[in-house]
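Undergrad:
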Amino acid sequence: MGGVLTKFLMKHPSILVFLGILSVFTLFVTVGSEAFGVGFISTSLVKTLGKTLCFCLIAIAMDLVWGYCGILSLGHFAFFGLGGYMIGMWLMYERTRLIVENSMANAALPPTPAEIQEAIGTQIFGVVGGAEIPTIWMFAHSLPIQLALVALVPGLLAFVFGWLAFRSRVTGVYLSILTQAMTLALALYLFQNDSGLRGNNGLSGLQNIPGLEAMPQSELSIYFFLLSALALGVGFLIAKLIVENKMGNVIMGIRDNEARVRFLGYHVETYKLFIFVLTAIMAAIAGAIYYPQAGIINPAEIAPIASIYLAVWVAIGGRGRIYGAVIGAALVSMLSSWFTGGQAPNIELGPLRVVWVDWWLVLLGLSFVAVTLYAPKGVGGLFDLLKTERSK
Amino acid sequence: MNEALLEVNNISVSFDGFKAINKLSFSIFEGELRAVIGPNGAGKTTFMDIVTGKTRPDAGEVIWGEKNFSLLNRSESQIAQLGIGRKFQKPTVFEEQSVYDNLLLALENDRQPLSVLFYRRNQSDDAKIEEIAAEIGLADRLERRAGDLSHGQKQWLEIGMLLAQEPRLLLVDEPAAGMTLEERDKTVALLRRAAKTRAVVVVEHDMDFVRKLDCRVTVLHEGSVLAEGSLDHVTENQDVIDVYLGR
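Heads up: the sequence lines are chains A and B, in that order.
Following this note's numbering, the residues of the first sequence are numbered contiguously, the last one being 414.
Following this note's numbering, the residues of the second sequence are numbered contiguously, the last one being 1386.
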């Protein structure tokens, strides 16, 4: 197996280039961090960078499903959010349990398990007027099970949705609308107080890792940053292994001419389903690493617009080249947080005052239109120009 | 007489009341080359759609192979795996992919996602692809993007893809459309060679092309068989003359 991988890497040096840049960047941030280095990169910036890497990972998933397989899914943030919820349940439950057990430890009478359960329930669900721990939290005490659920729950949702949609041969814009409906329905359901996931309050305090209370956030943030980078590197490699192989030929064929692939004897629906579920799981893993860095998840995160942004990132970065998706996600999400974070200087134009917090979306919209019209290959297309220049 | 490879019995299909195929019966034997001709709207393409599973007939049966499988209620991909390959009217190759990749996609191999995922390029497949590329005259263009090929080359690539599928029956829809004379002759040679090892059905408008194929001819008209036999035989048939020249 090792030999095969080495041969694959030799044949596709772009992977090594990508992993090299990623490693150098990771090293740079670690050395610049407050916890492990000279400290010119603040902890909050480390978290932003870590979160950005998670966005890059979900963008790779989007490029696989859209750029290579031609399925314009506008619902992948639903999987991202679900992944976040699954890990968030463990984080919140375990942390609350430790706090509750600590505060009860000094009581005159040792608390019974039922009392502990009730206290945990009140702590977590008091905000939505409950004290019972809902059934869906039955595994919340177990990290391994919740980690498995990070992949299983979004994977199952993607499987059921994809199976129904692809089997009925729903394609194109109709499928996009269905995926929007899916993420909207999920968000609306989670907004309800009795959904069992704290309604619009969502899950919070996720930046505190149970059992690691002693570790300062500056240090934790670097570990999560490194984990994000590792996940992105592995995700990139997996995506490349898929698209630079016969599987890539088949799914690109499906993108360009589905009927022809069918007449070649491939069961198109199975392939679409495979890619859809695989990318849903990639998105979910990205979400599960993202939310402990964000600290809070609520249903607004999986609103339909989030998944549309995802498509915009990939379009701006350039579809069908994997690294393009990474560039697009990093560029646009960093710019977005710069413009909406109030750091961008506002522009006074007489009667018109350009406040970037409001005008950023206009700028994003215009750039999206410009890319679609004038540079359909996106930012990644610039690399093609370089290549042709050199070969001249 | 030996068993037919494909037997179509009394099929009918109508679209919004229009009978595209009307009680059509047709059979073809192993290793046979057959031309199907007919004026526009005679049901030639619909006939192919039914055999390959794209369209379901309202009545009748389609029987395949020595085990007498019914092809109705089977999906396009299943029918393709049973050994029926189809070439469309418009050349449909995967333009974004190389000639090699196009042939690799078509090459007879396990079509399950898992075996595709773990597929590894190997010498025997490479050799087969090179052999087919040589046959269709694209041996020196394996790494070219298929979209950059000329119209005629795309048609051959598509025929090459069909050969790579190793089907027992090849359905070819208007292969000569848009070809130069020279390209036509090459296509005729290619199809005649293909028919040595498998059954080939060619749907064509062009009488001249059919004459060069030099094979049995079936004339379709208004969804059923009007005449069958050698080209000279059918062109002397009064019904055929009426249909083609107008009454």
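In this text, a Cβ means the ideal position worked out from N, Cα and C, and glycines have one as well.
For N124 (chain A), does the count of other Cβ atoms within 10 angstroms reach 16, so buried, or fall short, so exposed?
TA: With fewer than 16 other Cβ atoms within 10 Å, it is exposed.
Undergrad: Is L86 (chain A) close to chain B, meaning its C-beta is less than 8 Å from at least one C-beta of that chain?
TA: Closer than 8 Å: no.
Undergrad: Count Cβ pairs between the segment 102-113 of chain A and the segment 171-182 of chain A that sit closer than 8 Å; are there 3 or more?
TA: Touching, per the Cβ criterion.
Undergrad: Taking contact to mean at least 3 C-beta pairs separated by less than 8 Å, is the segment 1148-1155 of chain B in contact with the segment 1196-1214 of chain B?
TA: These segments touch.
Undergrad: Please return the same chain residues whose Cβ sits closer than 7 Å to the Cβ of M32 (chain A), not counting the five positions on each side in sequence.
TA: No residues qualify anywhere along the chain.
Undergrad: Nearest to Y313 (chain A) by alpha carbon, out of A:Q229, A:V150, A:Y211?
TA: Cα-wise, what sits closest to Y313 (chain A) is A:Q229.
Undergrad: Please report the straight-line C-alpha distance between F147 (chain A) and I155 (chain A), rounded to a whole angstrom.
TA: About 8 Å.
Undergrad: Could one say the Cβ of D406 (chain A) lies closer than 8 Å to chain B's Cβ atoms, at least one of them?
TA: No, because no Cβ of chain B sits closer than 8 Å to the Cβ of D406 (chain A).
Undergrad: Below 8 Å on the Cβ atoms is my contact criterion, and I expect N320 (chain A) with N215 (chain A) to pass it. Report the Cβ-Cβ distance as a whole number of Å.
TA: With 8 Å as the limit, N320 (chain A) and N215 (chain A) do not qualify as a contact, their Cβ atoms being about 12 Å apart.
Undergrad: Buried or exposed: which applies to M160 (chain A), given that a residue is buried once 16 or more other Cβ atoms fall within 10 Å of its Cβ?
TA: The residue in question, M160 (chain A), is exposed, as its Cβ has fewer than 16 Cβ neighbours within 10 Å.
Undergrad: Which runs of the alpha helix (DSSP H) at least 4 residues long sit entirely within the segment 1237-1286 of chain B? Give them in chain order.
TA: Segments of the alpha helix (DSSP H) lying fully in the segment 1237-1286 of chain B: 1238-1245, 1252-1256, 1262-1274.
Undergrad: Among B:V1255, B:Y1239, B:E1169, which one has its Cα closest to the Cα of G1222 (chain B)?
TA: Cα-wise, what sits closest to G1222 (chain B) is B:E1169.
Undergrad: Just to check, is the beta-carbon of G59 (chain A) closer than 7 Å to a non-hydrogen atom of the ligand GTP?
TA: Within the structure as shown, the ligand GTP is missing, as the structure has no ligands at all.
Undergrad: Compare the C-beta of K268 (chain A) against all C-beta atoms of chain B and say whether one is closer than 8 Å.
TA: Yes, K268 (chain A) counts as interfacial toward chain B.
Undergrad: Taking the CB atoms as reference points, tell me whether L1359 (chain B) and A1143 (chain B) lie closer together than 8 Å.
TA: Cβ atoms of L1359 (chain B) and A1143 (chain B): not closer than 8 Å.
Undergrad: Specify, as a first and last residue, the run of the beta strand (DSSP E) that V46 (chain A) falls within.
TA: Segment 35-54 is the alpha helix (DSSP H) holding V46 (chain A); no beta strand (DSSP E) there.
Undergrad: Could you check whether the segment 125-145 of chain A touches the segment 349-361 of chain A, counting it as contact only if at least three pairs of C-beta atoms, one from each stretch, sit closer than 8 Å?
TA: The segment 125-145 of chain A is not in contact with the segment 349-361 of chain A.
Undergrad: Leaving out five residues on either side along the sequence, give the residues of the same chain with a beta carbon under 8 Å from the beta carbon of P1178 (chain B).
TA: Taken in chain order, the residues that qualify are H1360, V1382, Y1383.
Undergrad: Using beta carbons (cut-off 8 Å, strictly below), is P1252 (chain B) in contact with chain A?
TA: For P1252 (chain B), the answer is yes, since a Cβ of chain A falls inside 8 Å of its Cβ.
Undergrad: Residue range of the alpha helix (DSSP H) that I93 (chain A) falls in?
TA: Note, I93 (chain A): premise wrong, no alpha helix (DSSP H); not H, not E.
Undergrad: Between the alpha carbons of K1335 (chain B) and I260 (chain A), how many angstroms are there, rounded?
TA: Taking the straight line from one Cα to the other gives about 44 Å.
Undergrad: Got a sec? Which residues, its chain only, sit under 7 Å from A397 (chain A) by beta carbon, not counting five neighbours each side?
TA: Around A397 (chain A): G403.
Undergrad: Could you tell me which chain A residues have their CB closer than 7 Å to the CB of T1231 (chain B), listed as they occur along the chain?
TA: Those are N279, R282, listed as they occur along chain A.
Undergrad: Assign I231 (chain A) to one of three DSSP states: helix, strand, or coil.
TA: Coil at I231 (chain A), not helix or strand.
Undergrad: What do you get for I369 (chain A), buried or exposed, if any count of 16 or more other CB atoms within 10 angstroms of its CB means buried?
TA: I369 (chain A) comes out exposed.
Undergrad: Look at I1218 (chain B) and L1242 (chain B) and say whether their C-beta atoms are less than 8 Å apart.
TA: Cβ atoms of I1218 (chain B) and L1242 (chain B): not closer than 8 Å.
Undergrad: Taking the alpha-carbon of P326 (chain A) as reference, which of A:L206, A:T157, A:A236 has the nearest alpha-carbon?
TA: Closest option to P326 (chain A), Cα to Cα, is A:L206.
Undergrad: Quick test of the definition: if touching needs 3 or more C-beta pairs under 8 Å, does the segment 1259-1271 of chain B touch the segment 296-308 of chain A?
TA: These segments do not touch.
Undergrad: Once the 5 residues before and after T1184 (chain B) are set aside, which same chain residues still bring their CB inside 8 Å of it?
TA: Same-chain partners within the cutoff: Q1228, D1312, V1342.
Undergrad: Under a Cβ-count criterion, where at least 16 other Cβ atoms within 10 Å of its own Cβ denotes burial, should S55 (chain A) be classed as buried or exposed?
TA: Counting Cβ neighbours within 10 Å, S55 (chain A) comes out buried, since at least 16 surround it.
Undergrad: On a CA-only basis, which of A:F181, A:Y115, A:H163 is nearest L300 (chain A)? Give me that one, please.
TA: For the residues A:F181, A:Y115, A:H163, the minimum Cα distance to L300 (chain A) belongs to A:F181.
Undergrad: Under 8 Å, Cβ to Cβ, is there at least one residue of chain A near L1244 (chain B)?
TA: Cβ-Cβ to chain A under 8 Å: yes for L1244 (chain B).
Undergrad: If the cut is a Cβ gap below 7 Å, which residues of chain B does N271 (chain A) touch?
TA: Those within 7 Å of N271 (chain A) in chain B are Q1236, D1240, L1243, L1244.
Undergrad: When burial is assigned at 16 or more other CB atoms within 10 Å of the CB, is L408 (chain A) buried or exposed?
TA: Exposed, because fewer than 16 other Cβ atoms sit within 10 Å of the Cβ of L408 (chain A).
Undergrad: Where do the N-terminal and C-terminal ends of the alpha helix (DSSP H) with D1347 (chain B) fall, by residue?
TA: Start and end: 1346-1352.
Undergrad: Between the alpha carbons of L1296 (chain B) and M269 (chain A), how many angstroms are there, rounded?
TA: Going from the Cα of L1296 (chain B) to the Cα of M269 (chain A) covers about 21 Å.
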